[in-house]
Amino acid sequence: MELTGKQKRHLKGLGHGQKPLVLVGKDGITDALIRQIDDCLLAHELVKVKALEGCPMPRRELAQALSTATASALVQVLGRTLLIYRPHPESPSIRLPG
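No gaps in the numbering here: position 1 of the sequence shown is -15 in this note's numbering, and each next residue is one more.
Structure below.
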């Protein structure tokens, strides 16, 4: 899924006040982590993920791997925080600008 610059700016604004819903620790990417992110994306569409200091992967590599594994779009990588987006398959609540 590819987002335009305008859509990314819109999503960054929506995600600015959010707290991270998922934390990535020393185990890195696991099946349980992918399931947790999938569940959060289904419920919220826009999810903040925080990589803790013990995370073994570089943050950009982690961001790409998570967005690929969850079939979502990477919106932003800011420090150790990632913002990912995937619209709800039946009734999306976030409307993206054209």
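Even glycine gets a Cβ: it sits at the ideal position worked out from N, Cα and C.
Exercise. Are the beta-carbon atoms belonging to Ile13 and Leu50 less than 9 Å from one another?
Worked result: yes
Problem set entry | Contact with chain C by Val33, beta-carbon distance below 9 Å | As a matter of chain content, chain C is missing from the structure shown, which is built from one protein chain.
For this session: Report the rounded CA-to-CA distance for Val59 versus Gly38, giving the unit in angstroms.
Result: 23 Å
For this session: Classify Lys3 as helix, strand or coil using the three-state DSSP reduction.
Result: In this structure, DSSP gives Lys3 a state outside helix and strand, which the three-state scheme calls coil.
Exercise. Just reading off the beta strand (DSSP E) that Thr65 is part of, what are its end residues?
Worked result: Thr65 to Tyr69
Exercise. Among residues of its own chain, excluding the 5 on either side of Gln40, which ones have a beta-carbon nearer than 6 Å to its beta-carbon?
Worked result: The sequence given here places Pro at residue 40; Gln does not occur at that position. Within the same chain, Pro40 has close Cβ partners Gly12.
Exercise. Counting along the chain, where does the alpha helix (DSSP H) carrying Leu62 start and finish?
Worked result: Leu62 -> not in any alpha helix (DSSP H); beta strand (DSSP E) instead, spanning Ala57 to Leu62.
Exercise. With 16 other CB atoms within 10 Å as the buried threshold, where does Thr(-12) fall?
Worked result: exposed
For this session: Return yes when at least one heavy atom of the ligand ADP lies under 8 Å from the C-beta of Lys(-8), else no.
Result: In the structure shown, the ligand ADP is absent, as is every other ligand, since no ligand is present at all.
Problem set entry | beta strand (DSSP E) runs wholly inside the segment 13 to 62, at least 3 long, in chain order | Listed in chain order, they are 30 to 35 and 57 to 62.
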